[in-house]
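Working notes for the structure below.
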Amino acid sequence: MRTHPESGRKALWLNTRSEVELVNYEDQAGNALIQKLREHLLKLEFRYEHQWEEGDIVFWDNQVTLHSRQPFPSDQRRLLKRISLAGGRPF
1 MRTHPESGRK ALWLNTRSEV ELVNYEDQAG NALIQKLREH LLKLEFRYEH
51 QWEEGDIVFW DNQVTLHSRQ PFPSDQRRLL KRISLAGGRP F
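Each residue of the sequence shown is one higher than the one before, starting from 1 at the first, in the UniProt record's numbering.
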């Protein structure tokens, strides 16, 4: 769990592709819980999929967002820029 430094809201911070170990859990029970949490994170109700149009810009709060992309045609051009703003680290 993380606490967002600005909103104070709790957020589940669990990457779907990283190895995770739960302290004080037996391996089998910990793995089962991690799997359930990952399934919860990937529910469609939490997903936003942008329907791109030329000129679109999308921003997200990287402190509490699990993001990825879908495949796209190789002839489509993409321009990505990363912007980092000052702020506190989540705790």
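From the three backbone atoms N, C-alpha and C, an ideal C-beta is built for every residue, glycine too.
If I measure Cβ to Cβ from H4 and keep anything under 7 Å in the same chain, skipping five residues before and after, which residues do I get?
A11, Q63, V64, P90
Do you know offhand how far R38's Cα is from R17's?
10 Å
Quick one: residues in its chain with C-beta nearer than 8 Å to the C-beta of H67, no 5 flanking neighbours on either side, listed in chain order?
W60
Residues bridged to H2 (per DSSP):
According to the sequence displayed, residue 2 carries Arg and not His. Paired residue(s): A11.
If you follow the alpha helix (DSSP H) that Q63 is part of, which residue opens it and which one closes it?
Premise fails: Q63 is in no alpha helix (DSSP H) and is neither H nor E.
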